[in-house]
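In our numbering, the protein residues as written are 2 to 244.
No residue lacks a Cβ here, since even glycine has one placed at the ideal position from N, Cα and C.
Being a predicted model, the structure only gives us computed values, none of them experimental.
What follows is one structure encoded as structure tokens, with my remarks underneath.
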């Protein structure tokens, strides 16, 4: 099993004492092993992250970082414990309520991007608002504004296949904040990028999170990414922790 090294409550990066964006207590997530016995994939005694913080969630590949991110996003439900995100108890919600909450309050950025290949960059952003159930007349202007902010105003009508990998990642970042989320969760967002593009994307994520006043959590095993963020939450290696 592995344990999260806690980050204490306190000051957000650029402000006074803040309420917690994330609060976990007694959380465990297990999966069936090859012999049918339960294998502990996640155990968190207690973790509180102040609103507005920018942190890296670090650990070796396969250590379970993505499992934690999935729990925070409400995509995975722990077997026990309390998961509070932005003041909401995810365990008290059914799947439909978690889906609505995620769509309206949480922005997700993945290494695999998950852009719709048949839609333009602008349409990918508009789809995010539509799927969150909060489409409005202002969405077009919001999408145009975000694409301009990430330097893609001239690529708004380009489909993903017409964009470079770095440009696609910028579209993914813009899409993640389309619904003005209070929490940005990023799973290895720079894993397929070279060093220059990696630094560009991390800087973009931090700038956008600051502008949107969102808490930023970046899952990574890249020490260069860790160095670009003001704080880190370390996950012990599974085999090492079990020894």
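- prompt: Can you name, in chain order, every residue of its own chain whose Cβ lies under 6 Å from the Cβ of residue 249, other than the five neighbours on each side?
  reply: In the structure as shown, the chain begins at 2 and stops at 244. Residue 249 is therefore absent and cannot be evaluated.
message: DSSP three-state label for residue 238, please.
response: Low confidence applies here, because residue 238 scores a pLDDT of 34, under 50, leaving its location unreliable; read the following figure in that light. DSSP places residue 238 in coil when its eight states are reduced to three.
- prompt: For residue 166, is the classification buried or exposed, using 16 other Cβ atoms within 10 angstroms of its Cβ as the cut-off for buried?
  reply: exposed
- request: Quick one: using the 10 Å Cβ neighbour count with 16 as the cut-off for buried, is residue 170 buried or exposed?
  value: buried
query: Using the C-alpha atoms, what's the distance from residue 177 back to residue 1?
result: In the structure as shown, the chain starts at 2 and stops at 244, and residue 1 therefore has no counterpart that could be examined.
task: Report yes or no: do three or more beta-carbon pairs, one from the region 144 to 161 and one from the region 80 to 90, lie closer than 8 Å?
output: no
query: Under a three-way DSSP split, which group does residue 222 fall into?
result: coil
query: Cα separation between residue 60 and residue 44?
result: 14 Å
- request: Could you have a look at residue 111 and say whether DSSP puts it in helix, strand or coil?
  value: strand
Reduced DSSP secondary structure (H/G/I, E/B, other) of residue 26: strand
message: When you compare the CB positions of residue 215 and residue 183, do they come within less than 7 Å of one another, or not?
response: yes
Selected residue, minimal CA-CA separation from residue 123, among 112, 106 and 175: 175
task: Keeping to the same chain, check which residues put their C-beta closer than 7 Å to that of residue 233; ignore five residues upstream and five downstream.
output: 56, 57, 59 and 227
query: Taking the alpha-carbon positions, what's the residue 229 to residue 201 distance?
result: 11 Å
- prompt: Is the distance from the Cβ of residue 105 to the Cβ of residue 180 below 7 Å?
  reply: yes
query: Hey, quick one: how far does the beta strand (DSSP E) through residue 39 stretch, first residue to last?
result: 39 to 51
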